[in-house]
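Here the sequence shown is numbered in the working numbering, starting from 10 and rising by one per residue. By construction, the Cβ of each residue, glycine as well, lies at the ideal position given by its N, Cα and C atoms. Computed from a predicted model, the values in this text were never measured in an experiment.
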Amino acid sequence: MKNSNWFQQVKNKIFCFGMLLFIVSCNVQKEENIGNTLITKWFGDKKSAISITYDDGIINQFTVARPIMNKLGMPGTFYIITGKVDGSGKGQFIGRPPHEIIKETAAIKTNPDNFFERASLIGHTGTSEAVEYHSNAGSLFESGKINEAYELIDEGFEKIRNGNLKNTDDIVFHNNVVDTTTWASYKKYAAEGHEIASHTVTHARLAVLDENNLLYELEQSKKDIQHFLGDKYTFSAECPYGTENERVMKYAHKVYPALRNRMPEPYLEELNRSSKKLPGESKKEYVQWQRGPLTNVSMEVMKSWIDTCLTHDNIWLVLVFHGVDGIGWEPKTKEELEVYFNYINKREDLLWVDTFTNVTKYIRKRKNTVISSAVQGDTILVNVSNDLDPNVYDVPITLKTYVPNTWKTALIEKTGKQEDPARIVVNKDTIGSYVLYSVLSTQNEIILTK
Ligand SMILES: [Zn+2]
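Have a look at this one:
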């Protein structure tokens with residue numbers, strides 16, 4: 010009996026000592042953590058990012074979808090076909106006199122040496138049927154059916170030589186007469202916070218263009234956007250038909266810093282619209298998950314994409330819309346867009362909705378920024394630096410700094426900036442007390458005090 014009491018006492022003492030050690034170590038861990046600063050994965054420490062993108066410059070995207078987004082304060086990204094807009098460089102063939110090439114097609118079959126030149130020219134021979142020959146040959150070529158592509162080009166030029174190619178009555182989505190949006194309107198939309206960016210001059214199949222014509226499609230489109238809207242809108246682009254042709258990507262990545270077609274970042278996995286893989290299966294730091302809400306995609310499925318974003322912390326959902334309210338390829342109705350955008354907006358405390366360009370810039374800035382911090386008495390100094398061009402990477406990043414448990418609010422001062430100090434509320438997570446704040450410039454010292 011005595012023995013057992015003694016044993017119990019020792020046991021209690023060991024337990025108490027253990028608890029004391031645990032409490033001390035917890036406090037030490039928290040001490041060490043003070044000043045620790047990280048850049049949150051997404052702006053505002055949200056759970057996920059969403060970019061709502063539209064292709065082809067369809068008029069109803071601006072007159073029907075845009076007002077819904079404006080009402081909810083959501084910026085969109087619109088990839089426009091610049092050759093459709095009055096005042097811009099039009100689609101044209103750059104090369105030898107067309108009659109010479111057309112004459113040659115009678116004597117020499119299409120082969121690897123002349124294919125790109127002919128596929129570039131045929132779309133500019135003056136009929137919509139000829140444009141279809143260009144697009145269809147491009148589609149065959151990109152799916153690896155090279156000989157079929159050559160044969161189709163031969164067939165098209167034979168019809169051209171015989172005067173048999175016509176203008177078809179079909180309304181082609183990338184050359185729709187009702188799409189009359191002007192540069193003045195685009196400028197206004199950009200000022201509202203939307204991204205207006207390039208989808209080339211004519212919506213060509215870039216993979217079958219020769220070098221001069223390929224560069225014209227990329228560079229002329231960029232020039233017009235630069236001229237009418239400014240440099241800010243030449244950051245991202247989308248090459249038509251979602252191409253990932255290696256040759257096209259090589260050229261396009263030299264003209265535009267970011268492409269929706271493909272992102273070269275090793276830390277980002279890209280799941281294209283056709284991919285069946287679920288974003289949760291990815292082990293990468295970021296997953297860009299592209300989904301195309303086509304006409305027959307149900308609201309339930311579209312909502313499930315949003316729900317999936319909220320069950321992970323690394324998904325960047327990139328929605329790709331085309332037609333709206335009866336105009337354009339695979340249109341969605343106004344009512345569907347209203348329901349869907351409201352569904353997203355109701356979760357705005359968890360979802361960061363921003364343009365393709367802004368999300369790309371945020372991720373790159375986060376990955377390129379070095380942070381150091383020091384605690385001096387009651388003050389925490391945080392230093393942020395990266396070597397990105399501050400004129401290009403002009404988006405703010407969100408910092409999370411751990412502060413002492415005794416702080417209820419923190420005063421944030423940014424040096425080198427004419428900005429008033431801001432007082433913010435301290436939050437708590439499993440590690441400790443912290444503050445969230447955003448900084449814009451690339452070189453910055455931030456002073457935090459109680
Ligand atoms: Zn397109």
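In the pairwise beta carbon analysis, the segment 362 to 371 is classified as touching the segment 72 to 88: at least three pairs are separated by under 8 Å. 7 Å or more divides the Cβ of Val257 from the Cβ of Glu278. If the five residues before and after Val412 are omitted, its C-beta is found closer than 7 Å to the C-beta atoms of Ile43, Ile389, Ala419, Val435, Ser442, Tyr443, Val444 and Leu457, all from its own chain and listed in chain order.
The nearest non-hydrogen atom of ligand 1 is 6 Å or more from the C-beta of Asp188.
Taking the Cβ of Pro249 as the reference point, at least one heavy atom of ligand 1 falls within a distance shorter than 6 Å. For Asn145, the uninterrupted alpha helix (DSSP H) segment begins and ends at Ser137 to Glu151. Here Phe330 carries a strand assignment [DSSP, helix/strand/coil]. With contact defined as three or more Cβ pairs closer than 8 Å, the segment 73 to 80 and the segment 183 to 196 are not in contact. For Asp122, the Cβ stays outside the 6 Å cut-off from all heavy atoms of ligand 1. For Asp64, the shortest C-beta to heavy atom distance toward ligand 1 is below 6 Å. By alpha-carbon distance to Tyr265, the top candidate from Asp188, Val401, Ile155 and Glu164 is Val401. Under the rule that a run must span 3 or more residues, the beta strand (DSSP E) segments found entirely inside the segment 311 to 375 read 324 to 330 and 360 to 362. The segment 296 to 306 makes contact with the segment 339 to 349, as at least three CB pairs between them are under 8 Å. Judged by beta-carbon spacing, Thr62 lies within the 7 Å limit of Val329, meaning their Cβ atoms are closer than that value. With a contact defined as Cβ atoms closer than 8 Å, Ile162 and Arg127 qualify at about 5 Å.
Annotation: Gly386 to Asn453 spans about 21 Å, alpha carbon to alpha carbon.
Boundaries of the beta strand (DSSP E) harbouring Glu422: Thr418 to Lys423, taken from the DSSP string. Contact between Lys93 and Asp188 holds: CB atoms are separated by about 6 Å, below the 8 Å threshold.
The segment 74 to 102 is shown to contain whole beta strand (DSSP E) runs of 3 or more residues at 86 to 89, in chain order. Boundaries of the beta strand (DSSP E) harbouring Ile406: Ile406 to Val412, taken from the DSSP string. Of the residues assessed, Val379 falls on the exposed side of the cut-off, its CB having fewer than 16 other CB atoms within 10 angstroms. Residue pairing by DSSP places Trp298 opposite Leu280 and Leu326 in a beta bridge. Using a Cβ-Cβ distance cut-off of 8 Å, the segment 203 to 219 and the segment 166 to 176 are not in contact, since fewer than three pairs of beta carbons, one from each stretch, lie closer than that value.
For Asp334, same chain residues with a beta-carbon under 7 Å away, outside a window of 5 residues either side, are Asn69, Val73, Pro340, Thr342 and Lys343 in chain order. According to DSSP, Arg432 shares a beta bridge with Leu420.
When beta bridges are read from the DSSP output, Ile162 appears opposite no residue.
Closest in C-alpha terms to Gly251, from the list Thr410, His108, Pro399 and Val327, comes Val327.
Lys232 sits in a helix when the DSSP states are folded into three classes.
For Leu227 and Lys423, the gap between their C-alpha atoms comes out near 40 Å. Proximity to Gly100 across Arg282, Asn221 and Ala246 peaks at Asn221, based on C-alpha coordinates.
In this structure, Ala58 is the residue among Asn395, Ala58 and His143 with its C-alpha nearest to the C-alpha of Asp316. For Pro121, the closest C-alpha among the options Leu218, Asp64, Val140 and Phe52 is that of Leu218. For the pair His183 and Arg432, the Cα-to-Cα distance works out to about 51 Å.
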